[in-house]
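Engineer: Sharing a structure here in structure tokens format.
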Amino acid sequence: MATSLDLIWIRQDLRLHDNPAIFHGGGRPSLLVFTLGDFPEEQKTELARAWLHAALKSFANDLDHRYKAKMIFYPGTLLEFLDSVKPLVDIKKVHWNHSYTPAGIERDTLYQAALSERGLEVEAHAGNLLHEPWDIHGKNHAFIEHFSPFQRLYFDQLSHRTSLDYPAHVKTEIVKGVNYGTLKELKLISNQKRYDDLLDYWDISEKAGRDLLKAFVKDRLQHFDDSCEIPSVQATSKLSPYIAWGQISVRWIWETCDNQGGGEDAKTFLNQLLWREFAYYSLFHNPQLLQEPFSKDFERYPFRSDAGRLEAWKTGQTGYPLIDAGMRELKQTGWIHNRIRLVVSSFLVKNLGISWQEGAAYFLEHSIDADLALNTVNWQLVTGCGVDSYPFSRILNPVSQGEKFDPEGIYVSHWVPELRNLPEKWIHQPWNAPIDVLKRAGVEMGANYPRPVVDFQESRSWALDAFHAMNGNDEIYGTG
DNA sequence: GTATCATTCCG
DNA sequence: GGAATGATA
Numbered sequence: 420m421a422t423s424l425d426l427i428w429i430r431q432d433l434r435l436h437d438n439p440a441i442f443h444g445g446g447r448p449s450l451l452v453f454t455l456g457d458f459p460e461e462q463k464t465e466l467a468r469a470w471l472h473a474a475l476k477s478f479a480n481d482l483d484h485r486y487k488a489k490m491i492f493y494p495g496t497l498l499e500f501l502d503s504v505k506p507l508v509d510i511k512k513v514h515w516n517h518s519y520t521p522a523g524i525e526r527d528t529l530y531q532a533a534l535s536e537r538g539l540e541v542e543a544h545a546g547n548l549l550h551e552p553w554d555i556h557g558k559n560h561a562f563i564e565h566f567s568p569f570q571r572l573y574f575d576q577l578s579h580r581t582s583l584d585y586p587a588h589v590k591t592e593i594v595k596g597v598n599y600g601t602l603k604e605l606k607l608i609s610n611q612k613r614y615d616d617l618l619d620y621w622d623i624s625e626k627a628g629r630d631l632l633k634a635f636v637k638d639r640l641q642h643f644d645d646s647c648e649i650p651s652v653q654a655t656s657k658l659s660p661y662i663a664w665g666q667i668s669v670r671w672i673w674e675t676c677d678n679q680g681g682g683e684d685a686k687t688f689l690n691q692l693l694w695r696e697f698a699y700y701s702l703f704h705n706p707q708l709l710q711e712p713f714s715k716d717f718e719r720y721p722f723r724s725d726a727g728r729l730e731a732w733k734t735g736q737t738g739y740p741l742i743d744a745g746m747r748e749l750k751q752t753g754w755i756h757n758r759i760r761l762v763v764s765s766f767l768v769k770n771l772g773i774s775w776q777e778g779a780a781y782f783l784e785h786s787i788d789a790d791l792a793l794n795t796v797n798w799q800l801v802t803g804c805g806v807d808s809y810p811f812s813r814i815l816n817p818v819s820q821g822e823k824f825d826p827e828g829i830y831v832s833h834w835v836p837e838l839r840n841l842p843e844k845w846i847h848q849p850w851n852a853p854i855d856v857l858k859r860a861g862v863e864m865g866a867n868y869p870r871p872v873v874d875f876q877e878s879r880s881w882a883l884d885a886f887h888a889m890n891g892n893d894e895i896y897g898t899g
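Note that the working numbering has the first sequence beginning at 420, numbered continuously upward.
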């Protein structure tokens, strides 16, 4: 007779601490499986696969060391896995943590039906958000369109349940005949060099995430307000990839920071976490946001594809030092400082006139913290077409933003080393520098550093005109 | 005159 | 947040 077991299905929640699916499923004899086949295509980029490889490796290690538990690496889907072990094990119940993206929800709904048809019970848990997006409502059950009331709800009204400790047991069974697979067989690493480089920048494990939080709260949280906008300073938490991969619990982050006395710095930081929460909330209630602007008017905005400009932006060759620094940081490390994210996004959409969808796609592919909901909502925010977004006219000026947030040009010097000998006065606008200054700094415009791909003021006016035309005000502003 | 800083308008 | 405008030294 086949053994009766529970199944714990691991997805983007590669942690043991405050993981409800493991906490509730681990007490009974079980199998614990990761199924690569269920990962959506857009999450199978080279970078994502590399992080996933390292994350799975450390997760499997932690399982072994802490619980003598063994996980299963399965290349196909959950349903295929269940079929393959059907003759060997009698699985009664499947545990997982909720997914919140439209594709994830659709898949889980299908699986729920398929499993109950097979007589299996599903226990789906709240694991990766502070509150389930379907539990949050505004007045009269309306969708909350603004961040500020949403944020007040979280700080003043909602009660947050405390995080779960590490489970006491994870009783995985070794079942004869079941192929437990190996990480290697998932073939996640397609570029060894890229993988090795990644490991130079990131310590990819649950413990590293928790240590990072601990160090952040101890050393940096109390200065967060002052320094989180300065890209040359390590002032932000850098927790984003750990959050995106579920290697740290957001509930645990909330608790840890909330216990700091609730100062202004903690509030500013937790607001960042709430933006993620707001993004999932917005996407859950408006799944069309992945493709469509929240403000329908923007479907008429004349975005235009331009391969040359797009390539200059991607490779950090726009001729705007702050933009180029940010894009090169992203390309090399898979991460980009939040302030600079806003500046490069604004620049792509408003000055290069390229759609937010193209920018969002590039960020998803090249960010180590790629998060579908947050990425989409942020791009719409900067464009001015999203939920509670910036006014369209907020067109960030890469020169003044540089002078404000990188006054000494430290950040630019680091990522755009060809400009590092320019004086502060010119480092954010080398095209205006006197020729002898350029010469002394070893900069030759158009040779070892590009001239600006577009004129800021000109492209800004163009964008504002197009925006007014989109709103039907062309009789006032003229179309040129 | 002009460089710098504060104020106001715009979303 | 940016830019135009106005005040100040």
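We put the beta carbon where it would ideally sit given N, CA and C, even for glycine.
(1) Quick one: using the 10 Å Cβ neighbour count with 16 as the cut-off for buried, is residue 712 buried or exposed?
(2) Using beta-carbon positions only, say whether residue 773 and residue 732 come within less than 9 angstroms of one another.
(3) Excluding the 5 residues preceding and the 5 following residue 424 in the sequence, name in chain order all residues of the same chain whose CB lies nearer than 8 angstroms to its CB.
(4) Could you tell me the distance, in whole angstroms, from the CA atom of residue 466 to the CA atom of residue 859?
(5) Tell me whether the beta-carbon of residue 454 lies closer than 9 angstroms to the beta-carbon of residue 520.
(6) Find the nearest neighbour of residue 470 within the set 515, 693 and 664, judged by alpha-carbon distance.
(7) Output the boundary residues of the alpha helix (DSSP H) element that contains residue 703.
(8) Measure from the alpha carbon of residue 557 to the alpha carbon of each residue in 565, 652 and 429, then state which is nearest.
(9) Does the Cβ-Cβ distance between residue 430 and residue 518 come in under 9 angstroms?
(10) Between which two residues does the beta strand (DSSP E) harbouring residue 509 extend?
(11) Find the nearest neighbour of residue 660 within the set 514, 492, 868 and 474, judged by alpha-carbon distance.
(12) Closer than 7 angstroms by C-beta to residue 574: which residues in its own chain qualify, once you throw out the five before and the five after it? Chain order, please.
(13) So for residue 438, helix, strand or coil by DSSP?
(14) Can you check whether the CB of residue 813 is closer than 9 angstroms to the CB of residue 821?
(15) Taking residue 540 as part of the beta strand (DSSP E), name the residues at either end of that continuous run.
(16) So residue 739 and residue 600 are supposed to be a Cβ contact under 8 angstroms. How far apart are they, rounded?
(17) Which parts of the segment 781 to 818 are runs of the alpha helix (DSSP H), unbroken and 4 residues or longer, counting only runs that do not cross its ends?
(18) Using C-beta distances below 8 angstroms, list every residue in its chain close to residue 869, excluding the 5 sequence neighbours before and after it, in chain order.
(19) Between 603, 666 and 674, which has its C-alpha nearest residue 636's C-alpha?
(20) Use the C-beta contact count for residue 791: other C-beta atoms within 10 angstroms, 16 or more gives buried, fewer gives exposed.
(21) Going by beta carbon distance, what residues of the same chain come within less than 6 angstroms of residue 720, once the five residues before and after it are set aside?
(22) What residue does the alpha helix (DSSP H) around residue 555 start on, and which one ends it?
(23) Determine the direct distance from the alpha carbon of residue 827 to that of residue 700, and round the result to whole angstroms.
(24) Once DSSP output is grouped into helix, strand and coil, what is the label at residue 428?
(25) Find out if the Cβ-Cβ distance for the pair residue 485, residue 628 is shorter than 9 angstroms.
(26) Spatial neighbours of residue 861 within its chain, please: C-beta separation below 7 angstroms, excluding the five flanking residues on both sides.
(27) Suppose contacts are defined by Cβ-Cβ distances below 9 angstroms. Is residue 439 in contact with residue 516 by that definition?
(28) Going by DSSP, name the residue or residues bridged to residue 450.
(29) Taking 9 angstroms as the cut-off, decide whether the C-beta atoms of residue 609 and residue 666 are in contact.
(30) Along the chain, where does the beta strand (DSSP E) containing residue 829 start, and where does it finish?
(31) Do residue 778 and residue 586 have their C-beta atoms closer together than 9 angstroms?
(32) Measure the C-alpha to C-alpha separation of residue 734 and residue 646 and round it to an integer number of angstroms.
Structural biologist: Straight from the coordinates:
(1) Here residue 712 corresponds to residue number 293 of the first sequence, with the count starting at 1. Buried: at least 16 other Cβ atoms inside 10 Å.
(2) The residue labelled residue 773 in the question sits at position 354 within the first sequence. The residue labelled residue 732 in the question sits at position 313 within the first sequence. Cβ distance < 9 angstroms, so residue 773 and residue 732 count as in contact.
(3) Residue mapping note: residue 424 aligns to position 5 of the first sequence, counting from 1. Cβ neighbours of residue 424 beyond the five flanking positions: 447, 448, 449, 450, 508, 509, 510, 511, 592 and 594.
(4) Residue mapping note: residue 466 aligns to position 47 of the first sequence, counting from 1. Residue mapping note: residue 859 aligns to position 440 of the first sequence, counting from 1. So the alpha carbons of these two residues sit roughly 39 angstroms apart.
(5) Counting from one through the first sequence, the residue named residue 454 turns up at place 35. Counting from one through the first sequence, the residue named residue 520 turns up at place 101. No, they are not a contact pair.
(6) Here residue 470 refers to the residue found at position 51 when the first sequence is read from its first residue. Comparing Cα positions, the closest option is 664.
(7) Counted from its first residue, the first sequence places residue 703 at position 284. Counting along the chain, the alpha helix (DSSP H) containing residue 703 begins and ends at 683 to 704.
(8) Counting from 1 along the first sequence, the entry for residue 557 is found at position 138. Here the closest residue by C-alpha is 565.
(9) On the first sequence, position 11 is the one that residue 430 refers to. On the first sequence, position 99 is the one that residue 518 refers to. Closer than 9 angstroms, so yes.
(10) Stepping through the first sequence from its first residue, residue 509 is reached at position 90. From DSSP, the beta strand (DSSP E) with residue 509 extends over 508 to 516.
(11) Here residue 660 refers to the residue found at position 241 of the first sequence. The shortest Cα separation from residue 660 among 514, 492, 868 and 474 belongs to 474.
(12) On the first sequence, residue 574 is found 155 positions in, with the first residue counted as 1. Hits under 7 angstroms: none found.
(13) Counted from its first residue, the first sequence places residue 438 at position 19. Correct three-state label for residue 438: coil.
(14) Here residue 821 refers to the residue found at position 402 of the first sequence. Here residue 813 refers to the residue found at position 394 of the first sequence. Not a contact, by the Cβ cut-off of 9 angstroms.
(15) Within the first sequence, the letter at position 121 stands for residue 540. That run of the beta strand (DSSP E) goes 540 to 544.
(16) One-based indexing of the first sequence puts residue 739 at position 320. One-based indexing of the first sequence puts residue 600 at position 181. The beta-carbon separation of residue 739 and residue 600, rounded to 48 angstroms, does not stay under the 8 angstroms limit for a contact.
(17) Counting only unbroken stretches of 4 or more residues, the alpha helix (DSSP H) elements lying wholly within the segment 781 to 818 are 791 to 802, in sequence order.
(18) Taking the first sequence and counting its residues from 1, the one referred to as residue 869 is at position 450. Residues of the same chain with a CB within less than 8 angstroms of the CB of residue 869, apart from the 5 flanking positions on each side, are 731, 736, 737 and 738 in chain order.
(19) Position 217 of the first sequence, counted from the first residue, corresponds to residue 636. Comparing Cα-Cα distances from residue 636 to each of 603, 666 and 674, the minimum goes to 674.
(20) For the purposes of this step, residue 791 is taken as the residue at position 372 of the first sequence. Classification for residue 791: buried.
(21) Position 301 of the first sequence holds residue 720. So the qualifying residues of the chain are 889.
(22) Taking the first residue of the first sequence as position 1, residue 555 is located at position 136. Residue 555 -> no alpha helix (DSSP H), and no H or E assigned at all.
(23) The residue labelled residue 700 in the question sits at position 281 within the first sequence. The residue labelled residue 827 in the question sits at position 408 within the first sequence. Those two C-alpha atoms are separated by around 39 angstroms.
(24) By one-based count along the first sequence, residue 428 stands at place 9. Residue state, collapsed to three classes: strand.
(25) Residue numbering aside, residue 485 sits at position 66 when the first sequence is read from its first letter. Residue numbering aside, residue 628 sits at position 209 when the first sequence is read from its first letter. Contact flag unset, no.
(26) Start at 1 with the first residue of the first sequence, and residue 861 comes out as number 442. Cβ neighbours of residue 861 beyond the five flanking positions: 840.
(27) Within the first sequence, numbered from 1, the residue matching residue 439 stands at position 20. Within the first sequence, numbered from 1, the residue matching residue 516 stands at position 97. Yes, these two residues count as a Cβ contact at 9 angstroms.
(28) Counted from its first residue, the first sequence places residue 450 at position 31. Bridge partners of residue 450: 426.
(29) By 1-based counting over the first sequence, the position of residue 609 is 190. By 1-based counting over the first sequence, the position of residue 666 is 247. No, the Cβ-Cβ distance between residue 609 and residue 666 is not below 9 angstroms.
(30) The residue you call residue 829 lines up with position 410 of the first sequence. Premise fails: residue 829 lies in the alpha helix (DSSP H), 829 to 834, not in any beta strand (DSSP E).
(31) As a working mapping, residue 778 is identified with position 359 in the first sequence. As a working mapping, residue 586 is identified with position 167 in the first sequence. Cβ atoms of residue 778 and residue 586: not closer than 9 angstroms.
(32) On the first sequence, position 315 is the one that residue 734 refers to. On the first sequence, position 227 is the one that residue 646 refers to. Each residue's alpha carbon lies about 27 angstroms from the other.
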